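Below: one structure, written as structure tokens.
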Amino acid sequence: MISKISPSIEASLADVKDGATVLVGGFGGAGMPNELIDGLIAQGASNLTVVANNAGNAEFGLAALLKAGRVRKVICSFPRQADSYVFDGLYRAGKVELELVPQGNLAERIRAAGAGIGGFFTRVGYGTELAKGKEVREINGQMYVLESPIHGDFALVKAERGDCWGNLTYRMAARNFGPVMAMAAKTTVASVHEVVELGELDPEVIVTPGIFVQRVVKIARSTTAASGIKS
Amino acid sequence: MISKISPSIEASLADVKDGATVLVGGFGGAGMPNELIDGLIAQGASNLTVVANNAGNAEFGLAALLKAGRVRKVICSFPRQADSYVFDGLYRAGKVELELVPQGNLAERIRAAGAGIGGFFTRVGYGTELAKGKEVREINGQMYVLESPIHGDFALVKAERGDCWGNLTYRMAARNFGPVMAMAAKTTVASVHEVVELGELDPEVIVTPGIFVQRVVKIARSTTAASGIKS
Amino acid sequence: MSYAKLSREQLAARVAQDIPEGAYVNLGIGLPTLVANHLSPTKEVFLQSENGLLGMGPAPAKGSEDFDLINAGKQPVTLLPGGSYFHSADSFAMMRAGHLDIAVLGAFQVAANGDLANWHTGNPDDIPAVGGAMDLAVGAKQTWVMMELFTKEGACKLVEQCSYPITGVGCVSRVYTDHGVFDVTRDGFQLIEAVDGLSRETLTSMIGVLIR
Amino acid sequence: MSYAKLSREQLAARVAQDIPEGAYVNLGIGLPTLVANHLSPTKEVFLQSENGLLGMGPAPAKGSEDFDLINAGKQPVTLLPGGSYFHSADSFAMMRAGHLDIAVLGAFQVAANGDLANWHTGNPDDIPAVGGAMDLAVGAKQTWVMMELFTKEGACKLVEQCSYPITGVGCVSRVYTDHGVFDVTRDGFQLIEAVDGLSRETLTSMIGVLIR
């Protein structure tokens, strides 16, 4: 019998290689897979490209990964936050490369990778610095920019419940980038608060079908902390 | 208080104009909004472009609409079925135009319309008759075809449950094209078997958020009949 | 003749007044967030949040915050009955394809052709961050800007051409300010109303770009 | 020396034997559908159906058919515990991006370069219909064809170049037939095995295209 349940965070991340592209879910603290990021720090892979909406808060999660010097490049929409001082410092010191992408283009580029789309035309960004050098085209009287897919070697996703086939549900706004990132990576590792028996998740309400998930690892339930805002 | 609940099928389709493009959900009999199609026949709009996966079975639903002479053009992936004789006859007689689209490209083109994507590159269809005349491009060593969005004036969608904000859930494989068609039309009319109180649908399990639905109309529960297969 | 600029709350109330019942609206982070507090409880408006919420409700009571349920500004919110959750690609599909009726955004500058600048000061030492600003700017059926008319240094934020890096081309249709409301037309800015006590002529003369 | 061609069921069993445990598989309509009946119950394989099912189970008992739960051939099926439903765009995303390990498809012809023809006879009087054939042909990690080696008229369906309109370019990696199994390599067809009693030489000589 197939089981994608991983015995530990350590086991679930053992094969992340130096130079890998890692998609990391979350928007603010919601859906941020902090336990998996801590596991990645312990695992030791370096020279990573991290794709995420934000670039870390305070000194935990992504910020800790950045602080540990493991990240070569960040692809994200909103690195600057009230408590993003680790990223800010590395960026100003030229120690981390930044590719800034409008949030919807980021989500769509990740989905494109997960859906086998080679590129797509979007109006978002046209005429701005963030579309500099990109192919543009007029379609039905409006100007569009060609955007390309963003593939991941790994995706680290925080879900709520999962089963041994890798099916996932999420919790409230912690869903955000999880479903599209799970589609776009060669290996998707999902942390869940509950592992349930096969068939316990109603097939109508599964958000991420197991085909998109390679490993599921149970973590202790914790309360999502505030992050990214001025306290 | 906003309510998208329509008093009748008649009221929900009153403003379909001649020449409209109508997206029609369903795969085989599952998700086929037969009651709405009957309403459209009664309403009288003609010269329609119908976008659907199939092109009608026996003499009900889409086949009846075709038989009534209301359809100028069909955009679909699989018109030929064991019981598609109405379409077959009209097509052979040159009385209906056919744009044949691979099923996944069809779904993705409809989604593109619903997601504001101006066009996308897909490998599907490259080198085949169905990509004739379309722009092609090599991306990372593979050949892609540029496909364009398919917008609808109306979408007719069969759902399971709905509320006054237009939120929808579906039933099993009857989901198929419903969610993407609802996104892609100016006016989406959804038939549901149950209208529930606001808040009764768990926000985690709503498949089509109400923003994509303009009208919800209750229909009697009926059992989906077999269609499209040799009996 | 004297006039008083609108306070931030008054400006939020002024914007709220123009949002029609049944509208799907995204309120950008910062000043636009205040609009939610001024929507009449008898006028049903659907608030969308880019991080995957539709039917966003008010802030939760102190002590019952849940940071899995936050808005685009990462502040805790609630979900109304009838609300729904969805993933980021679906959320931005909503935006990009014009399903939202109105996006209300803050701005550094708005140009006479409707160009919006609100994401980057252009200062090379600033950490750039764009979030959903560019998506919202061009996606909604109407993009409204809500801002103080002048910078702290007294420069007018309605301009002939943006000097800051732009967020979207020709995307703004209306500008609500603490001095008055302007439409962006084919022929540039048109003054819709000035605040009480401020004549159209005076207001027009305070602005360094042609106002019709 | 005499040999017996594989029956349809034997051919289905032969294909089933090569599907590894844990594989995500789409079985095309027609002949490939039979493969499901020959998958060992001790070998867990995930069946996907283009109309929005993953974890498809066997046909339901007579009398408990539900035509909201059908396969790509519109026949009633069941869903296994752990199965899920999703919409058509998500279903074809699964296919197009190579999330499926194997697509098993019927064919009119397979060419030495891996081109597949299985959607249209090219007869102008036929109603064309493509369904998910083109999506499946190029989407899965591996595309296997399953067919009788010869037409009723005796023409070999392994060809130098397809005479029928093609479904996908260079997409087939393996061909299972009632006479033997072939790989499609850079250098054309390679015979993997011939059915019992049929020598490699004899089989090769029956085919009008070079077999390595």
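Top to bottom, those sequences are chains A, B, C and D. Position 11 of the first sequence, counted from 1, bears residue number 300 in this note's numbering, the numbering being contiguous throughout. Position 21 of the second sequence, counted from 1, bears residue number 310 in this note's numbering, the numbering being contiguous throughout. Position 187 of the third sequence, counted from 1, bears residue number 270 in this note's numbering, the numbering being contiguous throughout. Position 156 of the fourth sequence, counted from 1, bears residue number 239 in this note's numbering, the numbering being contiguous throughout. We put the beta carbon where it would ideally sit given N, CA and C, even for glycine. Just so you know, these numbers come straight off a predicted model, no measurement behind them.
Report task. Specify, as a first and last residue, the run of the alpha helix (DSSP H) that F175 (chain D) falls within. Result -> S171 to R179
Report task. List the residues that DSSP assigns as beta-bridge partners of R464 (chain B). Result -> R464 (chain B) pairs with nothing; no bridge assigned.
Query raised in the report: Just checking, does the region 492-501 of chain B make contact with the region 120-140 of chain D on the three C-beta pairs under 8 Å criterion?
Result: no
Query - chain C residues whose Cβ lies nearer than 7 Å to that of P498 (chain B) - result: Within chain C, the residues near P498 (chain B) are L137, S167 and F169.
Requested in this report: Please state whether DSSP places Y380 (chain B) in a helix, a strand or coil.
Outcome: helix
Query raised in the report: Taking any Cβ of chain B, which residues in the region 202-214 of chain D have a Cβ under 7 Å from it, in chain order?
Result: I210, P211, A212, V213 and G214
Query raised in the report: What residue ranges within the region 385-468 of chain A form continuous beta strand (DSSP E) runs of no fewer than 3 residues, ordered along the chain?
Result: 386-389, 408-411, 425-428, 431-436 and 441-447
Requested in this report: Count the other CB atoms, across all protein chains shown, that sit within 10 Å of the CB of K421 (chain B); report buried if there are 16 or more and exposed otherwise.
Outcome: exposed
Query raised in the report: Is the region 258-272 of chain D close to the region 216-225 of chain D, with three or more CB pairs under 8 Å?
Result: no
Query raised in the report: Beta-carbon of N109 (chain C) versus every beta-carbon of chain A: anything under 7 Å?
Result: Interface annotation, N109 (chain C): not in contact with chain A, CB-CB separation never under 7 Å.
Requested in this report: Determine the closest residue to K362 (chain B) out of B:R369, B:A344 and B:Y415, with distance taken between C-alpha atoms.
Outcome: Residue nearest to K362 (chain B) within the set B:R369, B:A344 and B:Y415 is B:A344 (criterion: CA-CA distance).
Query raised in the report: Going by alpha carbons, who is nearest to T204 (chain C) out of C:A212, C:G197 and C:E231?
Result: Checked all of C:A212, C:G197 and C:E231; the closest Cα to T204 (chain C) is C:A212.
Query raised in the report: Using DSSP with H/G/I as helix, E/B as strand and the rest coil, what is T250 (chain C)?
Result: Under the three-state reduction of DSSP output, T250 (chain C) falls in the coil class, being neither helix nor strand.
Query raised in the report: Between the region 184-199 of chain C and the region 253-261 of chain C, do three or more beta carbon pairs fall short of 8 Å?
Result: The region 184-199 of chain C vs the region 253-261 of chain C: in contact.
Report task. Determine the chain A residues that contact I249 (chain C) at a beta-carbon separation under 7 Å, and present them in chain order. Result -> G416 and T417
Query raised in the report: Hey, how far is the Cα of L281 (chain D) from the Cα of H182 (chain D)?
Result: 37 Å
Report task. Could you run through the region 137-151 of chain C and flag, in chain order, every residue whose CB is less than 8 Å away from some CB of chain B? Result -> L137 and G138
**Report entry** Start-to-end residues for the alpha helix (DSSP H) that takes in V98 (chain C)
**Finding:** R91 to D101
Query raised in the report: Name the chain A residues that come within less than 8 Å of T458 (chain B), Cβ to Cβ?
Result: E493
**Report entry** Validate contact between the region 368-381 of chain B and the region 335-351 of chain B using beta carbons, cut 8 Å, 3 pairs
**Finding:** yes
Query raised in the report: By DSSP, does R504 (chain A) sit in helix, in strand, or in coil?
Result: It is a strand residue.
Query raised in the report: Closest Cβ-Cβ distance between L122 (chain D) and chain A: below 7 Å?
Result: no
Query - CA nearest to the CA of E449 (chain A), picked from A:V506, A:F443 and A:M470 - result: A:V506
Query raised in the report: M177 (chain C) versus chain B: which residues are under 7 Å apart at the beta carbon?
Result: I500
Report task. Could you tell me the distance, in whole angstroms, from the CA atom of G271 (chain C) to the CA atom of G328 (chain B)? Result -> The straight-line gap from Cα to Cα measures roughly 47 Å.
Query raised in the report: Which full runs of the beta strand (DSSP E) of 3+ residues lie inside the region 211-291 of chain D, going along the chain?
Result: 225-230, 255-260, 263-268 and 271-277
Requested in this report: For R410 (chain B), return the contacting residues in chain A, with the cut-off set at a CB-CB distance below 8 Å.
Outcome: In the sequence as displayed, the identity of residue 410 (chain B) is Phe instead of Arg. Within chain A, the residues near F410 (chain B) are I406, G407, G408 and F409.
Query raised in the report: Excluding five sequence neighbours on each side, which residues of the same chain lie with their C-beta closer than 8 Å to the C-beta of A402 (chain B)?
Result: P438, I439, H440, G441, M472 and A473
**Report entry** chain B residues whose Cβ lies nearer than 7 Å to that of I428 (chain A)
**Finding:** G407 and G408
Report task. List the residues that DSSP assigns as beta-bridge partners of L130 (chain C). Result -> C:V108
Query raised in the report: Straight-line CA distance for V434 (chain B) to K423 (chain A)?
Result: 19 Å
Query - Limits of the alpha helix (DSSP H) - the one that S301 (chain A) falls within - result: I298 to S301
Query - Neighbour flag for M217 (chain D) against chain B, beta carbons, 7 Å - result: yes
Query - Chain-ordered chain C contacts of M472 (chain B) [CB-CB under 9 Å] - result: Within chain C, the residues placing a beta-carbon under 9 Å from that of M472 (chain B) are D173, A176, M177, A180 and H182, ordered along the chain.
**Report entry** N134 (chain C): contacting residues in chain A (beta-carbon distance under 8 Å)
**Finding:** F316, G317, A319, A462 and N465
Query raised in the report: Does any C-beta atom of chain A lie closer than 7 Å to the C-beta of Y374 (chain B)?
Result: no
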